[in-house]
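Engineer: Under our numbering, read the sequence shown as residues 3 to 293, first letter to last.
Backbone N, C-alpha and C define an ideal beta-carbon position, used for all residues, glycine too.
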Amino acid sequence: MNNKSISNETAAETTIFYNYDEKKKVFSYYSRRVKQTITVKLSDMHLKLITSGNTKTGPEYLLNTLPGDHFIPVKGQPITNLQGSCQNCCDGCEHFCYAIKGAKRFHNSVIPNSGMNLILYREDRQRFLQELREWLNSWKDEEKVFRWHASGEIESPQYLEDMMQIAIEYPSVHFYSYTKRFEWIKQYLDTHGDVFPKNFTWNLSVWKDNLEKSNFPKKYLKQVQLFVWDDLDDPNLQNLPHCPSVEYKPGESKGHLNHKPLPNGKARNCKNCGLCWKGFMKGKAIAVYNH
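(1) At what residues does the alpha helix (DSSP H) containing C129 begin and finish?
(2) I want to check one thing, is the minimum distance from the CB of E145 to the heavy atoms of the ligand ZN below 7 angstroms?
(3) Report the partner residues of D232 according to the DSSP bridge assignment.
(4) Relative to the C-alpha of P75, which candidate in K43, I113, E155 and I40 has its C-alpha closest?
(5) Going straight from the alpha carbon of R135 to that of A169, what length do you get?
(6) Among S255, N274, D126 and F29, whose alpha-carbon lies nearest the alpha-carbon of K262?
(7) State the beta-bridge partners of T67 as determined by DSSP.
(8) Would you mind reading off the limits of the alpha helix (DSSP H) that contains F184?
(9) Quick one: residues in its chain with C-beta nearer than 8 angstroms to the C-beta of W137, no 5 flanking neighbours on either side, listed in chain order?
(10) Would you call S111 buried or exposed, if buried means 16 or more other Cβ atoms sit within 10 Å of its Cβ?
(11) CB-CB under 6 angstroms to W231, same chain, minus the five flanking residues each way: which ones, in chain order?
(12) Since I believe M283 is in contact with Q240 (beta carbons under 8 angstroms), could you give me their beta-carbon distance rounded to a whole number of angstroms?
(13) Considering only C-alpha positions, which residue in the set Y31, V147 and H72 is nearest to T203?
What follows is the structure, encoded as structure tokens:
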């Protein structure tokens, strides 16, 4: 875990509520729910998946890791010594990131769960993957939609390889994710013959000119969808299809969640829409209003 956490000496000088001791392999934090300090050994950590029930995403399963480039701060002070998985992907957009906002606002539940997922992968990758396989083997839903990282990012090129291997092993599951790790997406396609598993949809998170600056090969655009953040500054984005779960009305400063049913009468959410995970927009761009 080199350079993945603040040293114990640095931690002692700041207000750290969520601390991972690399030497002892122990994660500790104060739980407001039980009003005491919780200590979890690495050997007792287990992968935590959640069922999303929010109105935008609908019923799907999520695997989250700790977001952010560095160490999540509250009021200018880091509240954990774990480095987030985004690692230098947050330039310009961190202020708008709902994952960062959620980690700050609900830190007593978000940081332990997503933080220990990240620790488990970094420290015991094989157990992380085995527990994920065990969970997928037990999944009985007729239509399986699985999102990697409503919070977090691709941790490393090896992490990306692991994500794709899991998709290959479970072809009946629809996997999808968003990423700004364009260089690792390119690296994977360079290595694996310009193709991803058919049941995995990648959405490249386009923010301002980050895609242009990355020099992402045009030949690979047909393998991904472009998910463009629309903060209403660029009028050209109005010509793109927009995520139907977020609408904008003239005069508003930003978009807001759209709770009206879809034309087929189903609830308006990601699982029922499929624009971001079914893959039928590969090679094309989708926009979403700032919300």
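Structural biologist: Based on what the coordinates show:
(1) Translated into the one-based positions of the sequence shown, residue 129 becomes position 127. Sequence inspection shows Arg at residue 129; the Cys mentioned does not correspond to that position. R127 to N139 is the span of the alpha helix (DSSP H), which, as asked, contains R129.
(2) For the structure depicted, the ligand ZN is absent and the ligand set is empty, with no information on it obtainable.
(3) Within the sequence shown, the letter at position 230 stands for residue 232. D232 pairs with Y291.
(4) As a position in the sequence shown, residue 75 is number 73, starting the count at 1. Cα-wise, what sits closest to P75 is I113.
(5) Locating residue 135 in the sequence shown gives position 133, counting from the first residue. Locating residue 169 in the sequence shown gives position 167, counting from the first residue. Computed Cα separation, rounded: 10 angstroms.
(6) Position 260 of the sequence shown, counted from the start, is the residue given in the question as residue 262. Comparing Cα-Cα distances from K262 to each of S255, N274, D126 and F29, the minimum goes to N274.
(7) Against the sequence shown, residue 67 aligns to sequence position 65. None, per the DSSP bridge assignment.
(8) The residue you call residue 184 lines up with position 182 of the sequence shown. F184 to T193 is the span of the alpha helix (DSSP H), which, as asked, contains F184.
(9) On the sequence shown, residue 137 is found 135 positions in, with the first residue counted as 1. So the list reads L49 and L51, once near-sequence residues are dropped.
(10) As a working mapping, residue 111 is identified with position 109 in the sequence shown. It counts as exposed.
(11) Stepping through the sequence shown from its first residue, residue 231 is reached at position 229. Here the set comprises W209.
(12) For the purposes of this step, residue 240 is identified with residue 238 of the sequence shown, where counting begins at 1. For the purposes of this step, residue 283 is identified with residue 281 of the sequence shown, where counting begins at 1. With 8 angstroms as the limit, Q240 and M283 do not qualify as a contact, their Cβ atoms being about 17 angstroms apart.
(13) As a first step, residue 203 must be located in the sequence shown, where it is residue number 201. T203 has its Cα closest to that of V147, out of Y31, V147 and H72.
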